[in-house]
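Chains as they are written, first to last, in this note's numbering: chain A, 1087 to 1335; chain B, 1087 to 1335.
Cβ coordinates follow ideal geometry from the N, Cα and C atoms, glycine included.
Note that the structure is a prediction, hence the values are computed from the model and not measured.
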């Protein structure tokens, strides 16, 4: 598919979006495969969970930045569910709290996780690029950038099964975040996909939507690249970033 | 030095700033050492020049973002010299044009360099984080983030000598950018250092200034991390990024 083939009918645009996932989603990244196959040390998993928290914890800011730009109350209401999912509401902790259950289970100091001080600079740069993208680009592109959630259930199932099978220090209660995402992600991506297929009709709009999804795949990929470089091979932890100890990482 | 020792007298603050350079400036990065010592292939040097262009070409946007926030005409005039240095003026090409002489000499397609399409996403994220920092943080921090130029002459001399000695396809005319920076950088960093030492007197201001310089070192370091990961070891070029060919890289 190249831009000369645009515009596509909605089903063709959906195919093109899904093709981007097959080529660029981070389930293809070597670091994910090492995790799934049980080849990471506890220290490497700690580094992943610590850095990924920077991403998780920025998601509600990203979603609020979009809501802040929507004129339609129904759209704002729809998108508000994402804030509830991550930040929680009365009697139900949100996804961020569930992520901290994982970092606790991995033995990470909660203060270090929450302040993010020991996260890789490259993680912060990628995460903030995503928040900015959603805050500044046309609404259609901002919504399209969420479409990596189309591919989330598969990677989550892969990750959970791999972690439970291979890492004795991870138990199901530490993975509650992922269980919940298995139902939330399809609901959210379903809405976003319908919106995109309905509103991206012109060739330029479709090109922008495809570029937005590629951008978002880059954001996720760059985070695993930085982890891989710092903690797997060649293992160059940048100055000031988290250094695992005690397990040969 | 930790924040409990603040505030320092001006000479002590200067020492603390220079200590950050010794610990975190990217002359300590393995990729720089490989370059200097002649261990990079032509393809790896291409990848470096291509990605570094993203940084170089963003610098005038960063400087204009600062000028846009300065109320004092004399300060704006002082900082405007940086725009001239990079963008040029009648009869004198600027630093960006001189950088393109280097990418030309390395055999890179100019269109690919200028559009930046094949640069690493991590490069773009780091560069834009720097532009944002200068556009949004207090003026004192924005100016302090330029202080990596204190350390630039040493790395430039190192880089130029290493490139001329080790890479037969690089000649002095391709390195004109660096010759010019050897006089520009000390002038610019001298001004910025005097400003910072004069205005950062309280402990909180000094802590912010030191953090700004650490942040900027992170921006430079993350760029070399990404290059090293993609093109040296383990050599994981992310989807869509530049792939050298023909020299075993």
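Item                                                                                                                                    : Value
Within chain A, partners of residue 1326 of chain B - CB distance below 8 angstroms                                                     : 1110, 1300, 1304
Distance, residue 1109 of chain B Cα to residue 1120 of chain B Cα                                                                      : 18 angstroms
Same chain, Cβ closer than 8 angstroms to residue 1300 of chain B, five either side skipped, listed in chain order                      : 1106, 1110
Sequence-distant residues of the same chain with beta carbon closer than 8 angstroms to residue 1198 of chain A, five excluded per side : 1136, 1204, 1328
Residue 1331 of chain B, DSSP secondary structure in three states                                                                       : coil
Spatial distance of residue 1103 of chain A from residue 1220 of chain A (CA atoms)                                                     : 18 angstroms
Cβ neighbours of residue 1242 of chain A in the same chain (closer than 8 angstroms, five flanking residues each side left out)         : 1264, 1267, 1268, 1271
Cutoff 6 angstroms; reference residue 1089 of chain B; Cβ partners in own chain excluding five residues on either side                  : 1293
Cβ pair residue 1230 of chain B, residue 1309 of chain B closer than 7 angstroms                                                        : no
Span separating the alpha-carbon of residue 1286 of chain B from that of residue 1101 of chain B                                        : 14 angstroms
Contact set for residue 1239 of chain B: own chain, Cβ-Cβ below 7 angstroms, skip 5 residues either direction                           : 1268, 1271, 1272
Best match in A:1193, A:1226, A:1282 for proximity to residue 1331 of chain A [C-alpha to C-alpha]                                      : A:1193
For residue 1203 of chain A, three-class secondary structure by DSSP                                                                    : coil
Simplified DSSP assignment, three categories, for residue 1178 of chain B                                                               : strand
Span separating the alpha-carbon of residue 1154 of chain A from that of residue 1323 of chain B                                        : 36 angstroms
CB of residue 1122 of chain A within 7 angstroms of CB of residue 1202 of chain A, strictly                                             : no
Whole-angstrom distance between residue 1305 of chain A and residue 1091 of chain A, CA atom to CA atom                                 : 26 angstroms
Residue 1288 of chain A beta carbon less than 7 angstroms from that of residue 1093 of chain A                                          : yes
Span separating the alpha-carbon of residue 1315 of chain B from that of residue 1321 of chain B                                        : 6 angstroms
Complete alpha helix (DSSP H) runs within the region 1206-1291 of chain A (minimum length 4 residues, chain order)                      : 1207-1222, 1225-1230, 1238-1252, 1262-1285
Cβ distance (whole Å) where residue 1140 of chain A is taken to contact residue 1184 of chain A below 8 angstroms                       : No, residue 1140 of chain A and residue 1184 of chain A are not in contact; Cβ-Cβ is about 16 angstroms, not under 8 angstroms.
Closer than 7 angstroms to chain A by CB, residue 1330 of chain B                                                                       : no
Own chain residues within Cβ distance below 8 angstroms of residue 1042 of chain A, not counting five before or after                   : Since the first residue of chain A shown is 1087 and the last is 1335, residue 1042 of chain A is not available in this structure.
Chain-ordered chain B contacts of residue 1307 of chain A [CB-CB under 8 angstroms]                                                     : 1207, 1324, 1325
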